[in-house]
Amino acid sequence: MAFISSGYNPEKPMENRITDIGPRHFEEFLPPVIKKNKGTWAYHEILEPGVLLHVADSGDKVYTVRCGAARLMTITHIREICDIADKFCGGHLRFTTRNNIEFMVTTEDEAKALKKELNGRKFSGGSYKFPVGGTGAGVTNIVHTQGWVHCHTPATDASGTVKATMDAVFEEFTSMRLPAPVRIAMACCLNMCGAVHCSDIAILGIHRKPPMIDHEHLDNMCEVPLAVAACPTGAIRPTKTEWQGKQVNTVAVKEERCMFCGNCYTMCPSMPLSDKEGDGIAIMVGGKISNRITRPAFSKVVVPFIPNEPPRWPTMTKVITQILDAYSKGARKYERLGDWANRIGWERFFEVCGLEFSHHLIDDFRDPAYYTWRQTTQFKF
Amino acid sequence: MAKHKTPLLDQLESGPWPSFVSDIKQECDSRAKNAKGVDYQIPADCPDDLLGVLEMSYVDGETHWKHGGIVGVFGYGGGVIGRYCDQPQMFPGVAHFHTVRVNQPSGLYYKTDFLRQLCDLWELRGSGLTNMHGSTGDIVLLGTTTPQLEEIFFELTHNMNNDLGGSGSNLRTPSCCLGQSRCEFACIDTQQLCYDLTNTYQDELHRPAFPYKFKFKIDGCPNGCVAAIARSDFSIIGTWRDEIRIDQKVVAAYAGGEIKPNAGAHAGRDWGKFDIQKEVVERCPSGCIRYEGGKLEINNKECVRCMHCINTMPRALRIGNDRGASILCGAKAPILDGPQMSSLLVPFIKAEEPYSEIKEVIENIWDWWMEEGKNRERLGETMKRLSFQKLLDVTNIKADARHVREPRHNPYIFWKEEEVTGGWKREIADYRKKHQK
Ligand code: HEM
Ligand code: HEM
Ligand code: SF4
Ligand code: SF4
Ligand code: SF4
Ligand code: SF4
């Protein structure tokens with residue numbers, strides 16, 4: 011393995027340097043029919059699950075075949091995607107914000123052929139490579155974060171929980187039989203890189219043990235005031251302690267004040283909190299982003315803790331399918347999951363979903379808590 | 326032959342959904358074979374070691390990645406995230422495994438020649454593993470070593486005409502929905518606006534000068550396909566302020582069952598015959614639709630542009646012609662003070678090149694937030710701490726009933742001295758003339 015330079019010269023870092031050029035202009039990548047009709051689309055139709063038709067004012071048509079994908083993908087896989095796009099779509103394709111892949115063609119026959127081709131490709135382990143679906147009133151791909159694959163704060167894995175969930179709800183990806191779209195999101199810690207705070211169903215990794223303190227290294231690795239300031243509940247204070255006969259500057263944690271958010275660890279690597287038994291998953295529901303009919307809403311915690319059960323997290327997938335089934339049975343057409351729960355009342359929601367309500371589900375965090383308690387005698391028995 | 330035994334991960338190869346494990350394994354094979362004789366610049370077996378360390382996490386129930394160190398390219402404060410494995414002896418291939426964020430094209434359209442270039446680059450200088458795409462929208466290249474960073478950047482800029490994205494306390498890579506490129510609901514050219522803002526604010530994107538991260542996200546309409554309202558400090562959402570255009574002939578076709586409602590989104594179940602009265606009129610949140618004598622009427626003045634009627638009958642109803650955007654500010658995830666949704670700041674703004682009006686709002690906000698924001702405080706938190714009125718102040722926007730869901734509950738009003746006749750200076754002696762002690 012000899013080092014190959016592309017031309018960068020560390021002696022003269024500024025020589026020929028190109029910076030701040032931004033991304034390539036999107037127009038270079040638009041398929042011709044898209045470029046031509048941009049801004050003049052008249053309407054669309056979903057012809058079958060995963061196949062969209064868009065018709066322009068000019069009468070031009072574009073057929074889109076959408077398929078799912080694991081967000082974590084290799085270059086071998088991307089090259090295969092490119093081969094398909096070269097064969098069918100003149101080398102054009104796009105990704106969606108929810109990690110689906112879209113191939114666009116201009117005739118229905120090509121779309122049918124494409125769908126067949128995509129559904130025909132499988133990994134050696136047996137799973138689909140490019141399952142077609144993810145449109146309309148169904149479940150589409152999951153936006154998620156890094157998990158044990160690549161991040162330092164996760165309380166669970168992301169790719170694995172997502173694979174397990176999508177396997178469990180696969181039928182809802184390839185059909186459109188739910189009352190409205192159901193967006194599932196996954197984030198592996200409270201930082202919520204995956205914006206699970208506004209999804210119909212959210213899988214969230216949570217910790218349950220306060221940070222450990224590595225007194226040996228803390229003063230060298232961390233700015234004590236930053237660690238103290240990082241704590242939203244004021245659980246951390248600076249202190250001195252004896253370590254191997256030496257006085258060291260360090261911090262102390264008032265453990266009953268800790269809500270396990272991991273902020274301190276982010277600011278100070280000497281305060282890790284991950285733990286096999288302590289970590290697990292919370293399930294949140296009822297969030298939405300669109301303004302359709304009702305306004306956007308936050309997701310609410312309905313299951314405070316499910317242990318990590320790798321590789322397939324069976325309790326988690328069971329809870330998710332229970333919620334999805336109850337929603338599918340009970341909701342009206344166009345009614346999003348949270349709107350359904352609001353209509354029937356959350357006390358009823360727990361009943362029909364077969365979930366237990368516990369004191370963990372009553373908010374106790376500052377102002378937001380008050381807005382979620384009940385201030386009326388209107389409730390259901 | 327697999328380098329590490331991965332009995333737990335292997336169970337994720339079955340089931341219909343695309344298996345990332347199977348995919349990584351095919352990358353392991355490809356690198357082991359090295360059919361093209363690539364002179365790999367980072368260990369060829371890094372995907373094997375990634376599976377190894379992940380399997381270990383599956384057994385331990387804990388991550389094995391260390392807190393990132395600071396790495397990056399010369400002159401940039403963002404774009405690369407340092408990552409080191411905490412078991413480097415066991416998994417030397419991923420001992421150093423940094424992430425590179427590459428600025429994605431607006432709307433996520435690609436030509437295969439660009440993607441192939443990216444693959445070649447990441448085969449030579451990286452692990453061959455990617456995220457298409459990260460939650461913010463960047464192309465994420467997972468796993469390389471420090472000496473490769475400048476070379477990757479050189480290749481990206483010189484040969485691919487593309488830049489890094491943002492990370493750290495700076496502007497994050499802006500992102501948008503596909504907008505007018507393929508959606509009839511798009512009220513603005515989300516892609517061009519996103520591209521323009523990205524390029525205008527390259528300095529803010531690459532050189533951290535903010536209290537914390539700052540995100541632009543742009544949705545073409547209130548359906549919110551990139552989640553601007555929930556995920557961005559500065560959310561731009563397309564809208565219109567005139568009338569929804571109605572084609573009565575097509576309304577009749579929907580009523581008569583000739584066209585499937587909601588573009589066919591509910592085709593998987595028999596929901597019965599489409600009923601305009603029940604499914605559209607009665608669901609309009611502002612009750613401003615009437616359907617009588619086969620004619621659909623909308624009282625547009627009362628419409629809140631929720632999109633429901635348009636989504637339900639996309640061939641009969643179309644967005645208005647007087648188009649622009651609403652600007653909302655301050656969304657964030659729960660850290661530190663609980664989640665926040667973006668709050669409406671500008672009800673309507675034209676979104677036309679060169680977007681000077683929008684940029685003025687942005688820059689006024691930045692000036693204020695950079696001055697007043699505390700370390701690691703998102704805009705939403707600064708707004709909460711210093712008040713929405715302060716935000717109106719710094720952006721020269723006049724208060725408006727549209728800014729609130731309802732007026733305040735408490736009358737603890739912070740009147741300013743200049744708002745009160747005669748000011749605040751008074752003499753106690755004068756007071757005592759009229760009031761005994
Ligand atoms: C290797 C570690 C990490 C990775 C790969 C990662 C990745 C991401 C990605 C891709 C996003 C989407 C948007 C963006 O920020 O550009 C995100 C969002 C976010 N990240 Fe991270 N992140 C990591 C570490 C962290 C850390 C250490 C923190 C906090 C200290 C953090 C806090 C957040 C928050 C609060 C969001 C925003 C969610 C929102 O408001 O929409 N992340 N992260
Ligand atoms: C022609 C293109 C598209 C049309 C006409 C369209 C239409 C819609 C509609 C009608 C909604 C509102 C759903 C509801 O609340 O009932 C919606 C929301 C959404 N769409 Fe799209 N969409 C399009 C493209 C996409 C694409 C390509 C994606 C990414 C896979 C996407 C992701 C989303 C997301 C994330 C939401 C927000 C849902 C929520 O409230 O949480 N959309 N879209
Ligand atoms: S959600 Fe938390 S654990 Fe997951 S990638 Fe983001 S910071 Fe890391
Ligand atoms: S985990 Fe959060 S609440 Fe607990 S000590 Fe750390 S910063 Fe404070
Ligand atoms: S946000 Fe609106 S304009 Fe953008 S893709 Fe979604 S429906 Fe279309
Ligand atoms: S867009 Fe929404 S508020 Fe406006 S008329 Fe249609 S359903 Fe009613």
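If you're matching them up, the sequences are chains A and B in order.
Quick note on the numbering used here: the first sequence kicks off at 11 and runs consecutively.
Quick note on the numbering used here: the second sequence kicks off at 326 and runs consecutively.
Glycine residues also receive a C-beta, built at the ideal position from the N, C-alpha and C atoms.
Fully contained in the region 108-188 of chain A are the following beta strand (DSSP E) runs of length 3 or more, in chain order: 111-115. A residue is called buried once 16 or more other Cβ atoms fall within 10 Å of its Cβ, and S712 of chain B, having fewer, is exposed. Burial state of K125 of chain A is buried, judged by a 10 Å Cβ sphere holding 16 or more other Cβ atoms.
Its chain contains Q366, I367, T469, Q473, E476, I477, E480 as the residues whose beta carbon lies nearer than 8 Å to that of R450 of chain B, once the 5 sequence neighbours on both sides are disregarded; these appear in chain order.
Against chain B, a Cβ distance below 8 Å from V72 of chain A picks out R507.
Under a 10 Å Cβ-count criterion, A754 of chain B is classified as exposed, with fewer than 16 other Cβ atoms of the shown protein chains found around its own Cβ. When C-beta distances to chain A are compared with 7 Å, the residues of the region 567-588 of chain B below that value are A588, in chain order.
With a threshold of 8 Å between beta carbons, T746 of chain B makes no contact with chain A.
Taken through DSSP and simplified to helix, strand or coil, Q602 of chain B comes out as helix. For M83 of chain A, the chain B residues whose Cβ falls inside 7 Å of its Cβ are D348, T455, M457, in order along the chain.
DSSP, read as helix, strand or coil, puts S560 of chain B in strand.
For the C-beta of A12 of chain A, the chain B residues within less than 8 Å are, from N- to C-terminus, D364.
Ranked by how close their Cα comes to the Cα of H87 of chain A, the residues B:D348, B:Y434, B:V384 have B:D348 in first place. Under the 10 Å beta carbon count, W749 of chain B is surrounded by fewer than 16 other beta carbons and is classified as exposed. Not flagged as an interface residue toward chain A: Y737 of chain B, since no C-beta distance is shorter than 8 Å.
Cβ atoms of L642 of chain B and I571 of chain B come within 8 Å of each other, at about 6 Å. In this structure, D177 of chain A lies near G340 of chain B, with their beta-carbon atoms less than 8 Å apart.
Residues of the region 30-49 of chain A with a C-beta atom less than 9 Å from some C-beta of chain B are D30, I31, G32, P33, R34, H35, F36, E37, E38, F39, L40, P41, I44, K45, N47, K48, G49, listed in chain order. At a Cβ-Cβ threshold of 8 Å, R408 of chain B and F422 of chain B count as neighbours. Per DSSP, R507 of chain B lies in no beta strand (DSSP E) segment and is marked neither H nor E.
Considering only A:P33, A:T107, A:R193, A:C77, the residue with the shortest C-alpha distance to M294 of chain A is A:R193. When the beta-carbon positions are compared, H369 of chain A and P664 of chain B stay at least 8 Å from each other. Following the DSSP letters along the chain, one finds Q257 of chain A inside the beta strand (DSSP E) bounded by residues 256-263.
A contact between stretches requires three or more CB pairs, one per stretch, nearer than 8 Å, and the region 390-410 of chain B meets this requirement with the region 488-502 of chain B. By the 16-neighbour rule on beta-carbons within 10 angstroms, Y435 of chain B is buried. At a cut-off of 8 Å between C-beta atoms, V153 of chain A counts as an interface residue with respect to chain B.
Going by DSSP, I293 of chain A is part of the beta strand (DSSP E) stretching over 290-295.
Between G130 of chain A and S185 of chain A, the C-beta spacing is not below 8 Å. Boundaries of the beta strand (DSSP E) around I56 of chain A: 51-58.
Look at the region 127-148 of chain A: the residues with a C-beta under 8 Å from a C-beta of chain B are F133, S134, G135, G136, S137, Y138, K139, F140, P141, T145, G146, A147, G148. The three-state secondary structure of K620 of chain B, taken from DSSP, is strand. Annotation for E480 of chain B: no beta strand (DSSP E) segment contains it, and DSSP assigns it neither H nor E. Around the beta carbon of Q505 of chain B, 16 or more other beta carbons lie within 10 angstroms, which makes this residue buried.
Listed along the chain, the chain A residues whose CB falls inside 7 Å of the CB of Q714 of chain B amount to none; the nearest CB is some 18 Å away. The beta carbon of Y383 of chain B sits closer than 7 Å to the beta carbons of L333, L334 from its chain, once the five residues preceding and following it are set aside; these are given in chain order. Taking 7 Å as the cut-off, one finds no heavy atom of ligand 5 near enough to the beta carbon of C208 of chain A.
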